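Let me begin by presenting the structure, written as structure tokens, before commenting on it.
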Amino acid sequence: MIRKTIITILFTINVFAITNLEVALKCETVMNGFKDSKSDMIMTLINSNKQQRQRKMQIITLEKDSGNKSLMTFLSPADVKGTKFLNYEHITKDDEQWLYLPALKRVKRIASKNKSGSFMGSEFSYEDLSSFSVKKYIFEGDAKVEILAGHKVYVGERKAVSKNSGYTKQISWVDTKTFLIKKVEYYDRKQELLKTALFQDYKKISGVWRVGKMHMQNHQNRKSTTLVWTNERIKNGLKEKNFHKRVLKK
1 MIRKTIITIL FTINVFAITN LEVALKCETV MNGFKDSKSD MIMTLINSNK
51 QQRQRKMQII TLEKDSGNKS LMTFLSPADV KGTKFLNYEH ITKDDEQWLY
101 LPALKRVKRI ASKNKSGSFM GSEFSYEDLS SFSVKKYIFE GDAKVEILAG
151 HKVYVGERKA VSKNSGYTKQ ISWVDTKTFL IKKVEYYDRK QELLKTALFQ
201 DYKKISGVWR VGKMHMQNHQ NRKSTTLVWT NERIKNGLKE KNFHKRVLKK
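Letter 230 of the sequence shown, counting from 1, is numbered 230 in full-length UniProt numbering, and no numbers are missing.
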């Protein structure tokens, strides 16, 4: 009788188990389908003494099966006004990224080996600025179920395929009902916890989930950066020409 009960329990657990790959695929699905987007953005830099500096930007994104394209333009303050960041994401190879520096009137290409560097003095790296894509990671095993802020979440590990990644692994917390990512921990090349990202203020725009706020905490230097999206619109009819490299100097 006891043996039968144990077998029944194990069978039940197996039936309801979900792999980390399956969770990731569902995450990707719920965030796809926006076609393109336009948004205002506020970046808040917070130093170890809790002092804050704000930057205002505009960002446009084009959704593509082969990898999204995005263009970020800094509007203020004066020392960064006119700076532009162009990102071509790729599924099967490293992303292509360019930074336009108006003071130098020069376009700087970000080398793949430098993607782990800080983006504009923030706690986000160039690598962090790419949208989530399942094919960029390796997933193994089943997800664990835990409680995060009163909600059930799937917890699982992923490792970047790219050898140029600044992270040895990432651990994600995903809502079991919506499959929206709630939290990600990033571990450095020494296998130590480097940063934690919190994904907040999700909203549905024309039936598509969009994140409204990201907070990145660096545990090693005690600095953090918050990104807030406002006035976001999707399906605007943006085209490839809006993301050509020549727009950087315009």
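For every residue, glycine included, the Cβ atom is placed at its ideal position computed from N, Cα and C.
Computed from a prediction, not measured in an experiment: that's the story for all the values here.
Buried or exposed: Gly82, going by 16 or more other Cβ atoms within 10 Å of its Cβ? exposed
Sequence-distant residues of the same chain with beta carbon closer than 6 Å to Glu96, five excluded per side: Tyr88
Strictly by DSSP, which residues pair up with Lys56? Ile42 and Ser76
Determine the DSSP secondary structure at Thr61, reduced to helix, strand or coil. strand
Burial state of Asp94 (16 or more Cβ within 10 Å): buried
May I ask which residues mark the beginning and end of the beta strand (DSSP E) holding Val174? Lys169 to Asp175
Nearest to Thr225 (by Cα), restricted to the options Val134, Leu129 and Gly237: Leu129
How many angstroms separate the CA atom of His244 from the CA atom of His151? 42 Å
Straight-line CA distance for Val145 to Asn242? 42 Å
Kindly indicate which residue of Leu180, Lys223, Asp188 and Leu194 has the alpha-carbon position closest to the one of Lys213. Leu180
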